[in-house]
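In the numbering used here, each number is its position in the sequence shown, counted from 1, plus 1. We treat Cβ as the ideally placed atom computed from N, Cα and C, and that holds for glycine. If you're wondering where the values come from, they're calculated on a predicted model, not measured in any experiment.
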Amino acid sequence: MSYVDGFVVAVPKDKIEAYKALARKGGEVWREYGALSYVEAIGDDVPYGELTSFPRAVQATEDEVVVFSWITYESRESRDAIMAKVMADPRLEHEMKNMPFDGKRMIYGGFKIAVAL
């Protein structure tokens with residue numbers, strides 16, 4: 002069964018281009034190591050809810066935009082192996098130390114696919 006890593010982050014609007022550059026580079030590395038797909042989606046219609054919402058979840062401010070991302074893999078085992086390679090890849094070392102967002106507010110997790118049409 003396929004496996005998905007999902008991420009939600011708040012990115013300062015003035016750092017969107019830097020984020021896109023990081024995403025392009027990261028996506029190339031993930032795909033090179035075997036990820037099936039790599040998607041970064043910038044919030045366009047993401048209201049700030051009264052109780053819960055994507056912006057609230059990552060404590061987004063007015064000068065930030067919510068980014069929702071996912072990476073797909075063949076399996077959890079495949080994901081674990083790919084993730085280990087990506088985290089050790091020296092091409093991403095600088096980016097991991099200089100991310101254009103506050104990583105402490107990132108939400109992430111791994112998910113087993115239940116339904117895919």
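Handout entry: Option in Leu37, Met107, Glu18, Lys113 with minimal Cα separation from isoleucine 83
Key = Counting from one through the sequence shown, the residue named residue 83 turns up at place 82. Comparing Cα-Cα distances from isoleucine 83 to each of Leu37, Met107, Glu18, Lys113, the minimum goes to Leu37.
Handout entry: Which of helix, strand or coil DSSP assigns to glycine 44
Key = Residue numbering aside, residue 44 sits at position 43 when the sequence shown is read from its first letter. It is coil, neither helix nor strand.
Practice task
Give the straight-line distance between the Cα atoms of lysine 14 and threonine 62, rounded to the nearest whole angstrom.
Solution key: To locate residue 14, count along the sequence shown from 1; it is residue 13. To locate residue 62, count along the sequence shown from 1; it is residue 61. Near 10 angstroms, if we compare the C-alpha coordinates of threonine 62 and lysine 14.
Exercise for the section: Kindly list the residues whose CB is nearer than 7 angstroms to the CB of glycine 35, restricted to its own chain and excluding five residues on each side of it in sequence; keep chain order. Expected result: For the purposes of this step, residue 35 is identified with residue 34 of the sequence shown, where counting begins at 1. If we look at glycine 35 and ignore the five residues flanking it on each side, its Cβ neighbours are Ser79, Ile83.
Problem - Integer Cβ distance of glycine 28 from leucine 93, believed to fall under 8 angstroms - result: The residue given as residue 28 occupies position 27 in the sequence shown. The residue given as residue 93 occupies position 92 in the sequence shown. Not really, about 11 angstroms apart at Cβ, beyond 8 angstroms.
Problem - Burial state of serine 76 (16 or more Cβ within 10 Å) - result: Locating residue 76 in the sequence shown gives position 75, counting from the first residue. With fewer than 16 Cβ atoms within 10 Å of its Cβ, serine 76 is classed as exposed.
Exercise for the section: Look at the Cβ atom of phenylalanine 102, then the Cβ atom of lysine 16, and state whether they are nearer than 8 angstroms. Expected result: Start at 1 with the first residue of the sequence shown, and residue 102 comes out as number 101. Start at 1 with the first residue of the sequence shown, and residue 16 comes out as number 15. It is a contact, given that the beta carbons lie within the stated cut-off.
Exercise for the section: Locate the alpha helix (DSSP H) running through glutamate 51, then write down its first and last residues. Expected result: Numbered from 1 along the sequence shown, position 50 holds the residue referred to as residue 51. It is not in any alpha helix (DSSP H) - glutamate 51 carries neither H nor E in the DSSP assignment.
Exercise for the section: Inspect the beta-carbon positions of glycine 50 and valine 68 and report whether they are closer than 8 angstroms. Expected result: Start at 1 with the first residue of the sequence shown, and residue 50 comes out as number 49. Start at 1 with the first residue of the sequence shown, and residue 68 comes out as number 67. Against a cut-off of 8 angstroms, the Cβ pair of valine 68 and glycine 50 comes out as no contact.
Practice task
Report the rounded CA-to-CA distance for proline 56 versus valine 47, giving the unit in angstroms.
Solution key: In the sequence shown, counting from the first residue as 1, residue 56 sits at position 55. In the sequence shown, counting from the first residue as 1, residue 47 sits at position 46. If I take the Cα positions, the gap works out to 7 angstroms.
Exercise for the section: Give the DSSP bridge partners of tryptophan 126, in chain order. Expected result: Nothing about residue 126 can be reported from this structure: the residues present for the chain run from 2 to 118 only.
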